[in-house]
Amino acid sequence: MSMIIPEQKNKVQGTKSFSIGRALVRVLLLASLIYST
Numbered sequence: 036m037s038m039i040i041p042e043q044k045n046k047v048q049g050t051k052s053f054s055i056g057r058a059l060v061r062v063l064l065l066a067s068l069i070y071s072t
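For any residue, its number in our numbering is found by taking its place in the sequence shown, counting from 1, and adding 35.
Quick look at the structure:
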């Protein structure tokens, strides 16, 4: 495996957490739609 630069690692972590946040928002929106009906 090639050495990963800390800066690059942080960038990857940031994008991963961002995608997780988007997934959580999507789940919350679906849940609110289901509960509202």
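Note that the Cβ used here is the ideal one computed from N, Cα and C, for glycine as well.
Any heavy atom of the ligand MG closer than 7 Å to the beta-carbon of residue i?
i	result
Ile-55	The ligand MG is absent from the structure shown, which contains no ligand whatsoever.
Starting from the C-beta of residue i, find all residues in its chain whose C-beta is less than 6 Å away, skip the five residues before and the five after it, and write them out in chain order.
i	result
Ser-54	none
Can you tell me the Cα-Cα spacing of residue i and residue j, whole angstroms?
i	j	result
Met-36	Ala-58	Unreliable positioning characterises Met-36 in this predicted model, as indicated by a pLDDT of 49, which lies under 50. A coordinate reading is not provided.
Ala-66	Val-60	10 Å
Lys-46	Leu-64	27 Å
Ile-69	Val-62	11 Å
Lys-51	Gln-43	12 Å
Given residue i, which residues of its chain have a CB within under 7 Å of its CB, disregarding the five upstream and five downstream residues?
i	result
Thr-72	none
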